[in-house]
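Peer 1:
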Amino acid sequence: MAAEPGRVLKPVNSSSGPDLATAVKPGTGRVQEKTPTSTDSARYQRMAAEPGRVLKPVNSSSGPDLTAAVKPGTGRVQAKEKTHMSSEATRKKWTLEDFDIGRPLGKGKFGNVYLAREKSTKYVVALKVLFKSQLQKAGVEHQLRREIEIQSHLRHPNILRLFGYFHDKSRVYLILEYAPKGELYKELMKNKRFDENRTVTYINQLASALLYCHSKKVIHRDIKPENLLLGHTGDLKIADFGWSVHAPSSRRTTLCGTLDYLPPEMIEGKLHDEKVDLWSLGVLCYEFLVGKPPFEAETNTDTYRRITKVDLQFPPYVSEPGRNLISNLLRHDPNQRISLDKVLEHPWIKDNLSPITS
Ligand code: N15
Numbered sequence: 000m001a002a003e004p005g006r007v008l009k010p011v012n013s014s015s016g017p018d019l020a021t022a023v024k025p026g027t028g029r030v031q032e033k034t035p036t037s038t039d040s041a042r043y044q045r046m047a048a049e050p051g052r053v054l055k056p057v058n059s060s061s062g063p064d065l066t067a068a069v070k071p072g073t074g075r076v077q078a079k080e081k082t083h084m085s086s087e088a089t090r091k092k093w094t095l096e097d098f099d100i101g102r103p104l105g106k107g108k109f110g111n112v113y114l115a116r117e118k119s120t121k122y123v124v125a126l127k128v129l130f131k132s133q134l135q136k137a138g139v140e141h142q143l144r145r146e147i148e149i150q151s152h153l154r155h156p157n158i159l160r161l162f163g164y165f166h167d168k169s170r171v172y173l174i175l176e177y178a179p180k181g182e183l184y185k186e187l188m189k190n191k192r193f194d195e196n197r198t199v200t201y202i203n204q205l206a207s208a209l210l211y212c213h214s215k216k217v218i219h220r221d222i223k224p225e226n227l228l229l230g231h232t233g234d235l236k237i238a239d240f241g242w243s244v245h246a247p248s249s250r251r252t253t254l255c256g257t258l259d260y261l262p263p264e265m266i267e268g269k270l271h272d273e274k275v276d277l278w279s280l281g282v283l284c285y286e287f288l289v290g291k292p293p294f295e296a297e298t299n300t301d302t303y304r305r306i307t308k309v310d311l312q313f314p315p316y317v318s319e320p321g322r323n324l325i326s327n328l329l330r331h332d333p334n335q336r337i338s339l340d341k342v343l344e345h346p347w348i349k350d351n352l353s354p355i356t357s
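In numbering that gives the first Met the number 0, the protein residues as written are 0 to 357.
1) With a CB to CB cut of under 6 Å and the five nearest residues on each side skipped, what residues in its chain are close to W347?
2) By how many angstroms is the C-alpha of N334 removed from the C-alpha of H166?
3) Is it a yes or a no for the stretch 124-131 touching the stretch 192-211, going by three-plus beta-carbon pairs under 8 Å?
4) May I ask which residues mark the beginning and end of the alpha helix (DSSP H) holding H166?
5) Do R154 and E176 come within 8 Å of each other at the CB atom, strictly closer than that value?
6) Buried or exposed, going by whether 16 or more other CB atoms sit within 10 Å of the CB of H152?
7) Y303 and S279 look like a contact to me (Cβ under 8 Å); what is the Cβ gap, rounded to whole Å?
8) On the three-state DSSP scale, how would you describe K127?
9) Is it buried or exposed for N226, if we count other Cβ within 10 angstroms and need 16 for buried?
10) What does DSSP give as the partner residue(s) for R116 in the beta ladder?
11) Is the beta carbon of L339 less than 8 Å from the beta carbon of G281?
12) So, using beta-carbon positions, are G101 and L129 closer together than 8 Å?
13) Nearer than 7 Å: is that true of the beta carbon of P179 relative to any heavy atom of ligand 1?
14) Here's the rule: buried if 16 or more other CB atoms are within 10 angstroms of the residue's CB, otherwise exposed. What is P314?
15) Run through DSSP, which three-state label would L311 get?
16) Measuring straight from C-alpha to C-alpha, what distance separates F287 and G233?
17) Please work out which residues of its chain come closer than 7 Å, Cβ to Cβ, to R358, disregarding the five sequence neighbours upstream and downstream, and give them in chain order.
18) To the nearest angstrom, how far is the alpha carbon of L283 from that of I222?
19) Can you tell me where the alpha helix (DSSP H) holding R197 begins and where it ends?
20) Name the residue from K118, E273, T200 whose alpha carbon lies nearest to the alpha carbon of W93.
21) Can you tell me whether R170 is buried or exposed? The criterion is at least 16 other CB atoms within 10 Å of its CB, across all chains shown.
22) For ligand 2, any of its heavy atoms closer than 7 Å to the Cβ of L159?
23) With distance defined between alpha-carbon atoms, name the residue in L183, Y172, S353 nearest to H231.
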């Protein structure tokens with residue numbers, strides 16, 4: 000599903016798909032969330048799920064044979080998905096009829112996200128439905144095309160995959176990776192704050208994902224807790240909710256909330272580059288450990304002031320090495336922020352990284 004800008008919203012496929020409501024056959028069409036049988040097979044399933052690839056005609060009921068792509072013993076799929084697979088993916092024309100639709104996973108300004116299952120492979124995905132009328136009204140079609148173009152080229156275990164898209168007369172559908180363990184901010188609310196081990200695991204995964212993005216010249220992922228999802232082993236997934244508005248959460252939907260994650264150079268209206276992500280990483284690290292972002296204040300003006308002054312204070316329980324990393328990310332001068340490579344090498348990260356989390 001190569002995202003060609005310009006193709007997304009053009010009424011090529013003018014045969015409008017079935018109504019979402021009628022696509023769900025009560026009792027039969029319901030998608031069940033099934034628990035993975037084993038880690039390996041679940042991961043195998045997960046990584047094999049590339050629409051375009053999964054639908055290749057194979058006469059086994061269990062889907063395409065990808066055994067050759069899996070390193071024995073590791074369950075890891077080798078990076079061999081490039082060339083001919085992606086052109087195949089490009090050719091596949093999806094329609095709503097390829098999917099069974101399940102429960103809603105979230106609500107947004109332009110439409111909702113549903114649990115869905117591709118019928119022929121039973122592969123579970125998150126299907127995001129956007130209404131063209133609303134996209135047009137808000138004037139964000141161009142932005143959507145750009146986002147699709149960027150997102151469809153990103154392949155990283157900690158970045159939520161965009162498998163493909165299609166559209167009918169009134170809607171655009173995004174086929175997204177399903178993250179079985181849901182939203183990270185709910186975990187944070189439930190736990191109030193995370194311990195050092197868990198925080199470090201997340202920060203390590205985020206740093207690795209951002210390093211990958213920066214290598215592709217993709218910057219400013221909107222990495223607040225609301226944009227982070229959890230895979231079936233609790234692995235973090237950056238899901239860029241960016242322009243659209245995510246979820247029923249009323250948390251931080253105000254302008255005040257949005258400010259919390261913005262670096263000084265952005266709120267001061269200066270030029271910014273990929274170093275904005277280092278700042279956000281520092282804000283997130285603090286929020287994971289403390290339970291609230293570092294510059295939170297009653298008013299926008301106060302948050303603004305605290306950010307530009309870098310008014311950073313730690314509760315007593317934050318360890319010295321933890322403070323060290325956060326302080327080195329939250330530097331006013333973007334050029335003085337610790338680099339992502341150095342984040343991954345930071346003693347606090349190395350010392351707290353558990354070998355395997357599941
Ligand atoms: C413009 C475009 C190419 C960007 C594509 N990315 C998005 O549109 C970002 N986005 C991701 N918007 C919604 C989602 C989304 C994906 C929302 C929720 C989920 C999702 N995958 N899995 C979920 C999910 N899993 C859950 C498990 C339990 C409870 C709730 C869950 N939500």
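No residue lacks a Cβ here, since even glycine has one placed at the ideal position from N, Cα and C.
Peer 2: Considering the structure as presented:
1) For the purposes of this step, residue 347 is taken as the residue at position 348 of the sequence shown. The answer, listed in chain order, is P320, G321, L324.
2) As a working mapping, residue 166 is identified with position 167 in the sequence shown. As a working mapping, residue 334 is identified with position 335 in the sequence shown. Rounded to whole angstroms, H166 to N334 spans 43 Å at the Cα level.
3) no
4) Taking the first residue of the sequence shown as 1, we reach residue 166 at position 167. Run containing H166: none in the alpha helix (DSSP H); it sits in the beta strand (DSSP E), 161-166.
5) Here residue 176 refers to the residue found at position 177 of the sequence shown. Here residue 154 refers to the residue found at position 155 of the sequence shown. No, these two residues do not count as a Cβ contact at 8 Å.
6) Taking the first residue of the sequence shown as 1, we reach residue 152 at position 153. Exposed, because fewer than 16 other Cβ atoms sit within 10 Å of the Cβ of H152.
7) Along the sequence shown, read from residue 1 onward, the residue named residue 303 stands at position 304. Along the sequence shown, read from residue 1 onward, the residue named residue 279 stands at position 280. Contact doesn't hold; Cβ gap of about 16 Å is too wide.
8) For the purposes of this step, residue 127 is taken as residue 128 along the sequence shown, with counting starting at 1. Three-state result, K127: strand.
9) One-based indexing of the sequence shown puts residue 226 at position 227. Classification of N226: buried, given that the 10 Å Cβ count is 16 or more.
10) Position 117 of the sequence shown, counting from 1, holds the residue named residue 116. The partner list for R116 (beta bridge, DSSP) reads D99, V123.
11) As a first step, residue 339 must be located in the sequence shown, where it is residue number 340. As a first step, residue 281 must be located in the sequence shown, where it is residue number 282. Against a cut-off of 8 Å, the Cβ pair of G281 and L339 comes out as no contact.
12) Residue numbering aside, residue 101 sits at position 102 when the sequence shown is read from its first letter. Residue numbering aside, residue 129 sits at position 130 when the sequence shown is read from its first letter. In this structure, L129 does not lie closer than 8 Å to G101 by Cβ.
13) Looking up residue 179 in the sequence shown gives position 180. Checking every heavy atom of ligand 1 against the Cβ of P179, one is found closer than 7 Å.
14) Within the sequence shown, the letter at position 315 stands for residue 314. Per the 10 Å Cβ criterion, exposed.
15) For this step, residue 311 is matched to residue 312 along the sequence shown. Reduced to three states, the DSSP call for L311 is coil.
16) Taking the first residue of the sequence shown as position 1, residue 287 is located at position 288. Taking the first residue of the sequence shown as position 1, residue 233 is located at position 234. In a straight line, the C-alpha of F287 is about 15 Å away from that of G233.
17) Here the chain comprises residues numbered 0 to 357, so residue 358 is not present and cannot be evaluated.
18) Position 284 of the sequence shown, counting from 1, holds the residue named residue 283. Position 223 of the sequence shown, counting from 1, holds the residue named residue 222. In a straight line, the C-alpha of L283 is about 8 Å away from that of I222.
19) Along the sequence shown, one-based indexing puts residue 197 at 198. From DSSP, the alpha helix (DSSP H) with R197 extends over 195-214.
20) For the purposes of this step, residue 93 is taken as residue 94 along the sequence shown, with counting starting at 1. Of K118, E273, T200, the residue nearest in Cα terms is K118.
21) By one-based count along the sequence shown, residue 170 stands at place 171. By the 10 Å Cβ count, R170 comes out buried.
22) Within the structure as shown, ligand 2 is missing, the only ligands being ligand 1.
23) By 1-based counting over the sequence shown, the position of residue 231 is 232. When only C-alpha atoms are compared, the closest one is L183.
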